[in-house]
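To start, the structure under review is shown below, and the notes come after it.
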Amino acid sequence: MATTQTPQSVPKSLYEKKLGKISKEIEERNKQIRDYSREEHKLEVACVTLIAESSKMYEVIKDFNKELKNLTKKAVGDKLRENRQKIEIIGRQKNWLSTNSIQLQTEKTKLIHMDMCRTLVKKNENEKKIEKKQLVKKSSVESSKKFLNEIKNNLPEEIVSYIGKFIPVTVRIQLLESHVDFTKLTKYISNSPERKKFLEKVCNCPEYTDSMSNIQRKRHMISNTSNNPYYSPDWYISFRSKGDIQMMFQYAILTFKSLNPEHAFKVMKTLCILFDPTKNYRYNANYSQKVGNYSL
Numbered sequence: 001m002a003t004t005q006t007p008q009s010v011p012k013s014l015y016e017k018k019l020g021k022i023s024k025e026i027e028e029r030n031k032q033i034r035d036y037s038r039e040e041h042k043l044e045v046a047c048v049t050l051i052a053e054s055s056k057m058y059e060v061i062k063d064f065n066k067e068l069k070n071l072t073k074k075a076v077g078d079k080l081r082e083n084r085q086k087i088e089i090i091g092r093q094k095n096w097l098s099t100n101s102i103q104l105q106t107e108k109t110k111l112i113h114m115d116m117c118r119t120l121v122k123k124n125e126n127e128k129k130i131e132k133k134q135l136v137k138k139s140s141v142e143s144s145k146k147f148l149n150e151i152k153n154n155l156p157e158e159i160v161s162y163i164g165k166f167i168p169v170t171v172r173i174q175l176l177e178s179h180v181d182f183t184k185l186t187k188y189i190s191n192s193p194e195r196k197k198f199l200e201k202v203c204n205c206p207e208y209t210d211s212m213s214n215i216q217r218k219r220h221m222i223s224n225t226s227n228n229p230y231y232s233p234d235w236y237i238s239f240r241s242k243g244d245i246q247m248m249f250q251y252a253i254l255t256f257k258s259l260n261p262e263h264a265f266k267v268m269k270t271l272c273i274l275f276d277p278t279k280n281y282r283y284n285a286n287y288s289q290k291v292g293n294y295s296l
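Residue numbers for the sequence shown follow full-length UniProt numbering, so the first one is 1 and each next one is one higher.
This is the structure in structure tokens:
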């Protein structure tokens, strides 16, 4: 029969040993509990901080959305305002073009006409240079012409005039151009009222205008019909450049020669009588009256 041990029967050293072990375990458990408590406190602090940061972030996002909404409204308003301004500008341009389209087309037509005239005058000048070079090479022909000119100069004017009637008008024009440089002549008188007065007589004569269209007549005929000595063709009003005016003056003579050589010769001869290539003419009332009354 087994016997039970009472605390009194257990040795004191063993009891103390077990008690120390239990105390140690309790202390470790308490340490773990304290560690857990610290970690839990840290987590609580972190959660509170995170909640606070989240609240701040929410406010920031809210403000950002509000500002973005305002910016979007402003951008849309600016874009609408810009589009309205563009539409207004385009409308003004359309109105301007509709009002000035005819004038712009007329100016374009005038520029094209000026280029055509300039080309024709340049071509004529080049042909004259080629002819002059060819004449220089033909020394025998030049000698013959010089001899004939000497004979002609010694003959009375009545005989020369009578003989001239049997010479073709194209030859007479060539002879006249060989003695007078019309390019130089038009250069000297390009700014004179007398030249405008002379053009009035040329550009209004039927021999010059009969073969032209209505548009061509408007370009070449005189626009000012008053008694002012400063008469000028339509092209003179449109183009103020001295070079263009001089070129158009040469073109008028060149066109006149092709339209009516006989009458062109009379005009060119009158021009040689009225203007001296060595002089630069200025406005003179008496001389203008003389030019205005000459007979073609």
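Heads up, the beta-carbon is just placed ideally off N, CA and C, and yes, glycines get one too.
Fair warning: this is a prediction, and the values are worked out from it, not measured in the lab.
Original post:
Which two residues bound the contiguous alpha helix (DSSP H) that contains I167?
Top reply: Here the question's residue 167 lines up with position 167 in the sequence shown. Here I167 belongs to no alpha helix (DSSP H), and DSSP marks it neither H nor E.
Subject >> Distance CB(I173)-CB(P261) smaller than 9 Å >> reply: Looking up residue 173 in the sequence shown gives position 173. Looking up residue 261 in the sequence shown gives position 261. Cβ atoms of I173 and P261: closer than 9 Å.
Original post:
Any idea if M57 is buried or exposed, counting beta-carbon neighbours within 10 angstroms, 16 or more meaning buried?
Top reply: Your numbering for residue 57 matches position 57 in the sequence shown. Under this definition M57 is an exposed residue.
**OP:** Mind reading off the beta-carbon distance from F182 to Q250? Whole number of angstroms is fine, and I expect it under 8 Å.
**Re:** Locating residue 182 in the sequence shown gives position 182, where the first residue counts as 1. Locating residue 250 in the sequence shown gives position 250, where the first residue counts as 1. With 8 Å as the limit, F182 and Q250 qualify as a contact, their Cβ atoms being about 7 Å apart.
**OP:** Could you check what DSSP says for D181 in three-state terms: helix, strand or coil?
**Re:** For the purposes of this step, residue 181 is identified with residue 181 of the sequence shown, where counting begins at 1. D181: coil per DSSP, three-state reduction.
Original post:
What three-state label does DSSP hand N260 in the structure shown?
Top reply: Translated into positions along the sequence shown, residue 260 becomes position 260. Correct three-state label for N260: coil.
Original post:
I think C272 touches V180, with their Cβ atoms under 8 Å apart; what is that distance to the nearest whole Å?
Top reply: As a working mapping, residue 272 is identified with position 272 in the sequence shown. As a working mapping, residue 180 is identified with position 180 in the sequence shown. At roughly 5 Å, the Cβ-Cβ gap stays under 8 Å, so C272 and V180 are in contact.
Subject >> Sequence-distant residues of the same chain with beta carbon closer than 8 Å to L176, five excluded per side >> reply: Looking up residue 176 in the sequence shown gives position 176. Closer than 8 Å at the Cβ level, and outside the excluded window around L176, lie F265, M268, K269, C272.
Original post:
Do you know how far the Cα of E44 is from the Cα of L50?
Top reply: Indexing the sequence shown from 1 puts residue 50 at position 50. Indexing the sequence shown from 1 puts residue 44 at position 44. If you take the alpha carbons of L50 and E44, they lie about 10 Å apart.
**OP:** Would you kindly work out how many angstroms separate the C-alpha atoms of Q85 and T72, rounded to a whole number?
**Re:** Taking the sequence shown and counting its residues from 1, the one referred to as residue 85 is at position 85. Taking the sequence shown and counting its residues from 1, the one referred to as residue 72 is at position 72. Taking the straight line from one Cα to the other gives about 20 Å.
Original post:
If you check the beta carbons only, do L254 and V121 fall under 9 Å apart?
Top reply: In the sequence shown, counting from the first residue as 1, residue 254 sits at position 254. In the sequence shown, counting from the first residue as 1, residue 121 sits at position 121. Yes, the Cβ-Cβ distance between L254 and V121 is below 9 Å.
Original post:
In this structure, does DSSP put P206 in helix, strand or coil?
Top reply: Working through the sequence shown from its first residue, we reach residue 206 at position 206. In the structure shown, P206 sits in a helix (DSSP, three-state: H, G or I).
**OP:** Measure the C-alpha to C-alpha separation of F256 and M248 and round it to an integer number of angstroms.
**Re:** Mapped onto the sequence shown, residue 256 falls at position 256. Mapped onto the sequence shown, residue 248 falls at position 248. So the alpha carbons of these two residues sit roughly 12 Å apart.
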